[in-house]
Structures are given as structure tokens and as C-alpha cells.
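One structure is given below, encoded as C-alpha cells.
Numbering (the UniProt record's numbering), first residue to last: 1 to 304.
This is the structure we're talking about:
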């Protein structure tokens, strides 16, 4: 009997990571392809999952952790479809339609939900019932998972677009978000940092003033996550968060905003164990995508 294999797709804005895993979670085949248009990228994805299982087993399911905005409501007729993205050739693209010819169960969610799942499963959030994972890079997004299930409402969360306290005397920058100007993403994502300061945080000769500013904006988000979701831990990843000093500054600013109010954190007043970096590094997304595939199998079996 052919061994069942799990397919995982981490669909990023610049590249797709495709992986085929055995029952133990070991990668037996992997490929990285550039993110071009859907019409150019998805045939390569289908080719990989059509050919890679040969000699290893039989494809049992595929999980997709994708950039968005994305319809993640399984009851929606457009479930698994990219919606209002400005990325050329992707608005209206449906992962369900593209991957249906492979004939296996599919589950589609956002890239940050996938990363949150990965970290909760075997990374910095292992053992946490509720985990919030935030990525800060070209954009800003947060995934919240509880008991390894991504949380959402009518759509996925859009933490990058929350309003934050913007002191224009301290920071006269208008922001870069085409929708909201000075929302969190418009002020603190990578492009906003470079537009304001002329460089990324990790390349600045003296990043301290910029780190102090950006950590304050991110602390507004962290504080809201604590108060709205009460997660057991906050994980902050992405390229911007690799800047020296940013995580410690984020902890200090978040603790200052919470002001001792949350009893759950009294044993960790400096938030050293509460706000942490990813444990899986760049593997969080593909790990979460594999878990989505396992959940697709479980849902199929439960409905049988």
C-alpha cells in the first residue's frame, strides 16, 4: 500500500515554497519557485505535486498558507480565493480551482495563520493553547490560533491596518498605506521605515531613535492583542523584527502600556518569556501549511 503524503504550500509574495512530507513530518521533496502571476505560478505548483510523490507514496491532502487578502470561509462560494490584492495577476485567483484536479482534500488559510500554527505546533508557542503570531516585514499581519485552530470572523484578522497613536510632532511622516495612510502598517512596516529613514533598521549606523519609534507602534498592537485575545504568548517575526534591540524595546513599551493591569503577566513583568521571536525561523509557514493539510484530512474523515 502506498504511504500517504502531505502536501504543503507556503505562498508568499515573492516565492512559493512547496513541500511533500511523510507521516512523521519529514520532507521528502521540496521546491521553491518565484511568485509570478497565478497563470504562470500555479501550473508549476501542479506539476510539482503531480510528479514529486512518485517513489515516495501517494498524495493525501494539501494545505495552503497564502498571502492575501484571502477568502478563508469554507462556507463561502469563493473560499480559497485571493481578493483585493494589488499583486498583478492574482486578484480573483482561486487555489481551490487551481488545485482541484489533483483530487485531494484542500485547506487554505493565510500565511500568518499558517506561521502561527507552525509555531504553536512545534516552535516558540508549543504548549500554548492560544498563540498570537505577528509578522513585520513588507506588510504587517497577525494570526491567532487556539488549540491549533486559526481564529477569524467573517474574514481573517487585519492587524496591520489598526489605527495607532501617531504623534505628528515626534513623527511627521504621513504613512504609506494606500487605504489609511498612517495605520500600523503605513507607519511601521519595512517600506515605511525605509521611506522615512532611508534604510532598514538593521542597516542603520545608529538605529536607536528609529527602534524607539517603531517599537512604540508595534507595542500598540501587542497591547491590543493581549487585551482582546488574552493569548498565552506573543511571537513577533518577519524581517523587521530581526533588527537588534527591537524585541527588547517592544517588550518595554508593551509593559509600559499594560501598566501592570494584566494579572497573568505579573510573574513576567519585563515580558521576556511572553513576547518572543519565532522558534522555527523561516520554517514556520511550511510547518503550518502541513498542519492545514492534516486538518483537511480530519475534516473529510469526520464528514464521511
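Built from N, CA and C at the ideal position, the CB exists for glycine as well.
Inset, instruction - Confirm, please, whether the CB-CB distance from residue 103 to residue 67 is below 8 Å. - result: At the C-beta level, residue 67 and residue 103 stay beyond 8 Å of one another.
Inset, instruction - Determine the contact status of residue 287 and residue 118, defining contact as a CB-CB distance below 8 Å. - result: yes
Legend entry - Stretch-stretch touch, CB-based, cutoff 8 Å, three pairs: the segment 93-108 with the segment 57-76: Yes, they touch.
Inset, instruction - Report the three-state DSSP secondary structure of residue 332 (helix, strand or coil). - result: Here the chain covers residues 1 to 304 and nothing more, so residue 332 does not appear.
Inset, instruction - Put residue 50 into one of helix, strand or coil per three-state DSSP. - result: helix
Legend entry - Residues bridged to residue 4 [DSSP beta-bridge criterion]: In DSSP, residue 4 forms a bridge with 58.
Legend entry - Closest Cα partner of residue 48 within the set 240, 8 and 269: Comparing Cα positions, the closest option is 8.
Legend entry - For residue 33, the residue or residues it bridges with in DSSP: For residue 33, which the question treats as bridged, DSSP gives the partners 16.
Legend entry - Whether residue 108 touches residue 79 by CB criterion (8 Å): yes
Inset, instruction - Could you tell me which of 277, 295 and 153 sits nearest to residue 125, measuring between CA atoms? - result: 277
Legend entry - Spatially closest choice to residue 73 from 151, 98, 161 and 19, by CA coordinates: The closest CA to that of residue 73, considering only 151, 98, 161 and 19, is found on 151.
Inset, instruction - Check whether the segment 178-189 touches the segment 197-209, taking contact to mean three or more Cβ pairs, one atom from each stretch, closer than 8 Å. - result: no
Inset, instruction - Tell me whether residue 292 is buried or exposed, calling it buried when 16 or more other Cβ atoms sit within 10 Å of its Cβ. - result: buried
Inset, instruction - Could you check which residue in 158, 32, 211 and 290 has the C-alpha nearest to that of residue 245? - result: 211
Legend entry - Residue from 142, 138 and 29 whose Cα sits closest to the Cα of residue 191: 138
Inset, instruction - Would you tell me roughly how many angstroms separate the C-alpha atoms of residue 15 and residue 205, rounded to the nearest one? - result: 30 Å
Legend entry - Extent of the continuous beta strand (DSSP E) to which residue 236 belongs: Per DSSP, the continuous beta strand (DSSP E) segment holding residue 236 begins and ends at 233-237.
Inset, instruction - Counting only the same chain and skipping the five closest in sequence on each side, list residues whose C-beta sits under 7 Å from that of residue 243. - result: 201, 202, 207 and 211
Legend entry - Three-state secondary structure (DSSP) of residue 162: coil
Inset, instruction - Check the DSSP bridge columns for residue 149 and list the partner residues they point to. - result: 146
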